[in-house]
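Going down the list, the protein sequences come from chains G, D, P and V.
The number in our numbering is simply the position in the first sequence, starting from 1, with 1 added.
The number in our numbering is simply the position in the second sequence, starting from 1, with 1 added.
The number in our numbering is simply the position in the third sequence, starting from 1, with 1 added.
The number in our numbering is simply the position in the fourth sequence, starting from 1, with 1 added.
Where is the CB? At the ideal position from N, CA and C, for every residue including glycine.
Because the structure is a prediction, the values reported are computed rather than measured.
Number of protein chains: 4
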Amino acid sequence: MIKVGVLGATGYAGIETVRILTGHPDVKITRLVSHSFVGKKISDVYPAFRNVCDIECCALDVDDIAANCDIVFTALPHGASKEVIPAIYAKGVKIVDLSGDFRYDSKEVYEKWYGEPHCAPEILAKSVYGLCEIHRDKIKDATIVGNPGCYTTCSILALYPLLAAGVVKHDNIIIDAKSGVSGAGRTEKLPYSFCECTENSKAYKIATHRHTSEIEQELSHAANDEILLSFTPHLIPQKRGILATSYANLTTDITDEEIYDIFAKFYKDEYFVRVLKPGMLPETKNVAGSNFVEIGFKVDHRLKRVVISSAIDNLFKGAAGQAVQNMNIMMGLDEKAGIDNPGFNL
Amino acid sequence: MIKVGVLGATGYAGIETVRILTGHPDVKITRLVSHSFVGKKISDVYPAFRNVCDIECCALDVDDIAANCDIVFTALPHGASKEVIPAIYAKGVKIVDLSGDFRYDSKEVYEKWYGEPHCAPEILAKSVYGLCEIHRDKIKDATIVGNPGCYTTCSILALYPLLAAGVVKHDNIIIDAKSGVSGAGRTEKLPYSFCECTENSKAYKIATHRHTSEIEQELSHAANDEILLSFTPHLIPQKRGILATSYANLTTDITDEEIYDIFAKFYKDEYFVRVLKPGMLPETKNVAGSNFVEIGFKVDHRLKRVVISSAIDNLFKGAAGQAVQNMNIMMGLDEKAGIDNPGFNL
Amino acid sequence: MIKVGVLGATGYAGIETVRILTGHPDVKITRLVSHSFVGKKISDVYPAFRNVCDIECCALDVDDIAANCDIVFTALPHGASKEVIPAIYAKGVKIVDLSGDFRYDSKEVYEKWYGEPHCAPEILAKSVYGLCEIHRDKIKDATIVGNPGCYTTCSILALYPLLAAGVVKHDNIIIDAKSGVSGAGRTEKLPYSFCECTENSKAYKIATHRHTSEIEQELSHAANDEILLSFTPHLIPQKRGILATSYANLTTDITDEEIYDIFAKFYKDEYFVRVLKPGMLPETKNVAGSNFVEIGFKVDHRLKRVVISSAIDNLFKGAAGQAVQNMNIMMGLDEKAGIDNPGFNL
Amino acid sequence: MIKVGVLGATGYAGIETVRILTGHPDVKITRLVSHSFVGKKISDVYPAFRNVCDIECCALDVDDIAANCDIVFTALPHGASKEVIPAIYAKGVKIVDLSGDFRYDSKEVYEKWYGEPHCAPEILAKSVYGLCEIHRDKIKDATIVGNPGCYTTCSILALYPLLAAGVVKHDNIIIDAKSGVSGAGRTEKLPYSFCECTENSKAYKIATHRHTSEIEQELSHAANDEILLSFTPHLIPQKRGILATSYANLTTDITDEEIYDIFAKFYKDEYFVRVLKPGMLPETKNVAGSNFVEIGFKVDHRLKRVVISSAIDNLFKGAAGQAVQNMNIMMGLDEKAGIDNPGFNL
């Protein structure tokens, strides 16, 4: 059994990681670190865990972590991760970091979009971007993985194959993404209260959301060219789920069937990617509580444009599930172990 | 008091029209026509009306309508309207039609997007497109008004001023719109059941939704050029509300303040249009239950693109409220009469 | 026009009062007092009010209130009301207090259930309990009215006629009530966040909720006997609405029709009370956004028990709407003025 | 591996059974029977199953079932089960029936509450009531188990220990239960549409719901006396979850701690029952997607009454999860196999 710790276990991404790990056949949770709930059982913070996981939360102690964990998940706020990780990394413990701190090829891009210096650039340089379907080979050998953002996972997987195949133009790419409220994490802020969120939707951070830079980084790899694009996040009244609608102009006349073939070929070995046949479109409920991604699309011949619709669960494939998928790859386990389920369905 | 009839009174757009009319100071409802509920009180179909409006639904009788109504609202399914309206029109009764049947400048465009011949082209030719903020002068003298679609109202008002001002390019316009479930009307279909809709979102009818043609018609007027654009509707888990996110490339370097000035000037006399200051963005809850439109935007200087966010209530400004606004204009009443309220707020 | 002020205008009950008053034909809002938002427009706090009501919030100044208001609504937290009201009362301004501070016949009962001394017992003694359907005559002459609680309005109206008619026993009365989340007010607390409330329901404050004492006070009047009863509040995932299910043992064999007659007779002049025919039951959506109460019931002959179901909107008839109804009565206006609407319906 | 079939696989209880079985370590699904979807993959009906379970639905063929299934789950509508089961039973296949048809000790009680004759009384006589925590020993040897109703599971487990301990009186027991909408199953009826259910709650079938008789049957066993009680079901706007609030008069002065001890002792070996310490109360989100039951309570000394609050997931412990728990017991597997998870949590 692999010994695992979760730092930031009581945030939403953290507890979702714990939830998945409690059902993982090859893992033993040894440490749950929570600044806010030291000494409390995880099942006192999240009562759904009573009987299933009653581990007590502890404070961060790097030596203790090193002695008891083969790998840790750091589900800390952006900024906090890069303060904590160097000491853990120095002990040789493997790390899957769920924050934005270790996702970038370039320190400069990070610093521009996050507005602060990166204090561990040498670790950043070694970190692998943990989008499993794209970087599996590098993840295998990684000591630290920067687990992708929720919006970014959903967006990159929708556009990467088409850019790699050269069938869409590099300018005028637009991603319009809708997220459930859990994307904001466990927060007491008024705009996330039930009465303010239910029966409401809105765009936010237009043209400035940090995930833009992450998407651009990866799609630039796909296109072998610098991609700059519009990314607009929206808040919609559901708990889980991201739906991204992506627009790109075609370089050539191409049919829905040909687009389907490009996707199907690109993802032919990817268990967790469901490419939908022409005529079908994703729905977030189909991926709620699972590690699956759904991708559908429609060619608009009138405008010589393709519209791609993709859906994930922001907490699962968009955070904790993909983090476990990364762990599975890093530790040489079956990549599907512990995350091979149909989700909530209803 | 103006005598008013509502045809299709028991559908969602119809009953919302009734709801607004019950609070209108200058109106008396004389006939509620409902094919499915002849002989039943409207308050037996919608119990919220008990005591407030207990009128009995009747079958359609054109002579009776002509004798008892100065104006009628036809809230019938697309296709049904154009069968019924000629006889009413012939009697000289004014008409606000909430279907798509009388919204088009061109019979050919209607027939292409609706896939059926138009049986009343001469009435179509006389019908005025009832987007009050754009066509007020023509509406004043109209006998029949084609009340705009919900998506279209939200989309056109967001883009019209910028196209008219010549600050955005004519190609690469994309409208990504999200609608609450009431947009589908009073329906028993499984995909609209609570368990299938809650905690779910999806795109539908990509590149083929009929409202595309209606938006293109009006924006082409604004641009004085043929506008073709992408319009993608989405279903999100709320009852009321449309949020449209529109993308257009700029023709020139322009600041948020300058864009604001264009909107503010264009809508300076429009009570029901709230142009938001830079930094603020619309939320559907701010317009739920009201006739207001909220418009916000953000210039993306990096990409020389503007993103506009607009919000309406699909049943109110997107259907019944605008229909009453049209009636007010047609009948020479105060345009705000009966629809001057802040909506639900909570 | 009656000059009206609202204290605590930016809480949920306060802003609902403002919302209703903006549509009231006989009223002019002269002052909106909000401790937290002094100097901000009400429409900056609640954007749904832009254009409709852009009054600036001010700090409390009793002389200013006295000079500019004929009547004030105090929508302050329990405890705050009784600190502020004596000074206003001393100036001769009429008051509708939405807190629990002025609802009690007995200072002792208040102090027992609220756990603190009452600092204005002489005003309490003069205050009238503002359940309009029961105490209309006293309200007419009142200077200060204690506006009933949301749960209490819904519960008392369901049981009062049966106790007054002597058809139900005085012990073993149970009220099981379910409330939407807006009942908790405008709050940032985690348990009221969207992710914690949606898809969730729970009981709370079993056997200890303060509204118990208010219900007992009024039902004891009805029965002319001391009534003690079980009241259990629940939180359910909707924004507005209270549904109360009340259980009482019958003193006699009685049919549904006879029960109906008791209710129908008791409420025969009450516009805002809808007594449902046997076989029909209330739904909260039928009263959302309106001042109406729905009451249905079923005799369980097997157990010689009657079950009554009643529904209101907690913010409207359960707070702001009834407060305006009280104002109408106190000021000699039409009791229905400004609150005679079918609510949201959809 | 145990070979399992599911009849009625495409209803909500059926598909939840399939969902659980796909993660069960000791089971192989061999047949999915669905009248409505013969020849379609289950993953075409419920896309969440794509890749995880793509079995084709087939028509009912009793010989085929007998040849390929050790046990079947019958998730058919009430009435349909008792038509189909005798033939399967005759073949020696074990059965867990999720309908109401095989839950009763007495054919007469069934016929009275279901209003139709029972066509298989000899099988009914052999059927065991599958409330695992109460009837485990009989379930072990059963060939056919009548899986309990959702409301009944939640209600019986809340009251059984107190009746068995003799601390509550036998009359004046009241159960007020609230259910999510999935309890109505996969239905196209208008009252279950999103727009009619969201922001709405209501009581239904007061004094006449069939589950009343099932609860009375079991609680009469507990009390060793005939128990007749009030049971009121309610529909609330959430997908999953039942919350039952039960009221019973105490026979004796008793503290919260003593009540706790009665529950704790009664359920001391029951993994799936979480008895909450005094001061804590259940929430449906804590049991969503899991087989757990939460039970909390509060003694009302003022009224000498105890109020018990209990929560389950109606589709899981209230249907499919308990069905699998029954299968585990019947087949000699670990009772927790495949159902030992914390549920959705978020």
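| query | result |
| --- | --- |
| Under 8 Å by beta carbon: chain P residues contacting D:Ser-183 | Leu-347 |
| Classification of P:Pro-87 by the beta-carbon crowding that lies within 10 angstroms, buried from 16 upward | exposed |
| Neighbour flag for P:Ser-310 against chain V, beta carbons, 8 Å | yes |
| Helix, strand or coil at D:Val-97 [DSSP, three-state] | strand |
| Rounded Cβ spacing between P:Asp-71 and P:Lys-92 (contact assumed at less than 8 Å) | No, P:Asp-71 and P:Lys-92 are not in contact; Cβ-Cβ is about 11 Å, not under 8 Å. |
| Sufficient close CB pairs (3 or more, under 8 Å) joining the segment 168-187 of chain V to the segment 229-242 of chain V | yes |
| Nearest neighbour of V:Gly-6, chosen from V:Gly-116, V:Pro-234 and V:Lys-29 [CA to CA] | V:Lys-29 |
| Selection of the segment 212-239 of chain D by Cβ proximity to chain G, strictly under 8 Å | Leu-229, Leu-230, Ser-231, Thr-233, His-235, Ile-237, Pro-238 and Gln-239 |
| DSSP bridge partner residues for D:Thr-400 (one or two, in chain order) | Because chain D here runs from 2 to 347, residue 400 of chain D falls outside it and cannot be looked at. |
| Where the segment 298-324 of chain V meets chain G: residues whose CB sits under 7 Å from a CB there | Leu-316 |
| Chain D residues whose Cβ lies nearer than 7 Å to that of P:Arg-20 | Pro-343 and Asn-346 |
| Test: P:Asn-329 CB closer than 8 Å to a CB of chain V | no |
| Residue-chain proximity (G:Asp-177, chain D), Cβ-Cβ < 8 Å | yes |
| Short-range partners of chain V found in the segment 28-49 of chain D, where Cβ spacing is below 7 Å | none |
| D:Glu-284 in three-state terms, based on DSSP | strand |
| Reduced DSSP secondary structure (H/G/I, E/B, other) of G:Gly-6 | strand |
| Contacts of V:Gly-242 in chain P (Cβ-Cβ under 8 Å) | Glu-200, Asn-201 and Ser-202 |
| Identity of the residue in P:Thr-188, P:Gly-339, P:Phe-345 and P:Tyr-13 nearest P:Thr-23 by Cα | P:Gly-339 |
| Chain G contact for V:Asn-148 (CB, 8 Å cutoff) | no |
| Local conformation of D:Arg-306 per DSSP, three classes | strand |
| Beta-carbon proximity check, V:Asn-52 vs V:Leu-99, cutoff 8 Å | no |
| Residues near D:Ala-204 by beta carbon distance below 6 Å, same chain, minus five either side | Thr-233 and His-235 |
| Ordered list of alpha helix (DSSP H) runs contained in the segment 56-117 of chain G, each at least 4 residues | 63-69, 81-91 and 108-115 |
| For P:Asp-301, the three-state DSSP class (helix, strand or coil) | strand |
| Reduced DSSP category for P:Asn-329 - H, G, I as helix; E, B as strand; rest coil | helix |
| Rounded separation between P:His-210 and P:Ser-82 - CA only | 19 Å |
| Cβ-based burial, P:Pro-26 [other Cβ within 10 Å; buried from 16] | exposed |
| Whole-angstrom distance between G:Ile-56 and P:Pro-283, CA atom to CA atom | 46 Å |
| Top-ranked residue by Cα proximity to P:Ser-214, from P:Gly-186, P:Asp-335 and P:Tyr-152 | P:Tyr-152 |
| P:Phe-232 - DSSP class collapsed to helix/strand/coil | strand |
| Cut-off 6 Å between Cβ atoms - residues of its own chain near G:Ala-67, not counting five sequence neighbours on either side | Lys-92 and Val-94 |
| 3 or more residues per run - each beta strand (DSSP E) lying fully within the segment 159-219 of chain G | 175-180 |
| Beta-carbon proximity check, D:Val-19 vs D:Ile-3, cutoff 8 Å | no |
| DSSP three-state assignment for G:Glu-271, whether helix, strand or coil | coil |
| Neighbouring residues, chain D, relative to G:Asn-173 (Cβ below 7 Å) | Asn-173 |
| Bridge partner(s) assigned by DSSP for V:Ala-32 | Looking at the sequence itself, residue 32 of chain V is Arg, so the reference to Ala does not match. The partner list for V:Arg-32 (beta bridge, DSSP) reads V:Gly-6. |
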